[in-house]
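**Q**
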Amino acid sequence: MSTSTKFSDFITAEKLDPRRILVVSHKLESLTPQDRLMKLKKRQGKKQEGGTSTEIAKPRSGRPVSLRAIHAAMHGGELKGPTKTRIVRAVNFLLEQKKKETVELKTLF
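So the sequence shown is numbered by the working numbering: it starts at 1004 and just counts up by one.
#1: Is it buried or exposed, residue 1007, if we count other Cβ atoms within 10 angstroms and call 16 or more buried?
#2: Sort 1076, 1048, 1028, 1104 by Cα distance to residue 1111 and report the nearest one.
#3: Spatial neighbours of residue 1004 within its chain, please: C-beta separation below 7 Å, excluding the five flanking residues on both sides.
#4: Is the beta carbon of residue 1034 sitting closer than 8 Å to the one on residue 1065?
#5: Here's a check: name, in chain order, each residue in its chain whose Cβ is nearer than 8 Å to the Cβ of residue 1106, leaving out the five neighbours to either side.
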């Protein structure tokens, strides 16, 4: 009893491997030393200034897509908004590598 979702149809049509999506998401979302430093400065700035901080770049989330989330997306399970965004970000990275056009959230979900 396999249900076909927009995400699983897209993955099959574009010949993308779900395991590759996991690896790319880990690469894109894992925290770097610069991200940790930005978060530290933001925390210290809140203590000193009272909440106003001028942050130029946004740090990575530090939460890559999980295998459970990929399976839920492929089989019609429930996913939260940030998880969908992380999946789209990883899929778009793979599509850019293949010299194809990127997709939006509505296309996959």
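Glycine residues also receive a C-beta, built at the ideal position from the N, C-alpha and C atoms.
**A** To lay it out plainly:
#1: Within the sequence shown, the letter at position 4 stands for residue 1007. The residue in question, residue 1007, is exposed, as its Cβ has fewer than 16 Cβ neighbours within 10 Å.
#2: For the purposes of this step, residue 1111 is taken as the residue at position 108 of the sequence shown. Of 1076, 1048, 1028, 1104, the residue nearest in Cα terms is 1076.
#3: Counted from its first residue, the sequence shown places residue 1004 at position 1. A caution first: residue 1004 carries a pLDDT of 44, below 50, which makes its placement in the model unreliable, though a value can still be read off. Closer than 7 Å at the Cβ level, and outside the excluded window around residue 1004, lies no residue.
#4: The sequence position of residue 1034 within the sequence shown is 31, counting from 1. The sequence position of residue 1065 within the sequence shown is 62, counting from 1. Yes; because the gap between Cβ atoms is below 8 Å, this pair is in contact.
#5: Here residue 1106 is taken as the residue at index 103 of the sequence shown, counted from 1. Result list for residue 1106: 1013, 1091, 1094, 1095, 1098, in chain order.
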